[in-house]
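Visitor: Numbering (the numbering used here), first residue to last: 66 to 231.
Supplied in structure tokens, the structure appears directly below.
Here's what the structure looks like:
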């Protein structure tokens, strides 16, 4: 699968059978190609074009978990603080965590452990660099992130992937 930053908090999650847009701000069904296009804005369980989507309601909004090509990707949306334990349990095991850079981002990545962490939404380069330093994790900067389930190494240390749409 391939993950690309479109803009701000919107990511394209492309798998073998289709793609999902995570947090598609300003995107309408009319702007998407394909008869199976759907936009999910509420909690629930959905499946479109072989992609499983779970929306989990929190105090701050909806967290979405996508399953694409055997990988589980969690997009935290605009969540700014740690989640209650019952929401972390509902999210389950995650391979890739897409997390907003906020005051509690480091705590959130420790709470919802993923093999790869993709930050977004830093208000400045300084804020992003501070988050990267505080995380203590290895950082890789890429224009897009390609990964297969077989690439994951169990019990390996998490790694941050900073995506750029420039």
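All residues carry an ideal CB built from backbone N, CA and C; glycine is no exception.
For residue 71, I'd like the list of residues in its chain whose CB is within less than 6 Å of its CB, leaving aside the five on either flank, ordered along the chain.
Guide: Here the set comprises 77.
Visitor: Expressed to the nearest angstrom, what Euclidean distance is found between the alpha-carbon atoms of residue 110 and residue 213?
Guide: Roughly 24 Å separates the two Cα atoms.
Visitor: How far does the beta strand (DSSP E) with residue 127 in it reach, from first residue to last?
Guide: From DSSP, the beta strand (DSSP E) with residue 127 extends over 126 to 133.
Visitor: Would residue 208 be called buried (16 or more neighbouring beta carbons within 10 Å of its own) or exposed?
Guide: The residue is exposed, with fewer than 16 neighbouring Cβ atoms inside 10 Å.
Visitor: Excluding sequence positions up to five away, which residues of its chain have a Cβ less than 8 Å from the Cβ of residue 152?
Guide: Around residue 152: 121, 123, 128.
Visitor: Is residue 79 buried or exposed, if buried means 16 or more other CB atoms sit within 10 Å of its CB?
Guide: Buried: at least 16 other Cβ atoms inside 10 Å.
Visitor: Starting from the C-beta of residue 225, find all residues in its chain whose C-beta is less than 8 Å away, skip the five residues before and the five after it, and write them out in chain order.
Guide: Cβ within range, chain order: 181, 182, 183, 184, 197, 200, 202, 203, 204, 205.
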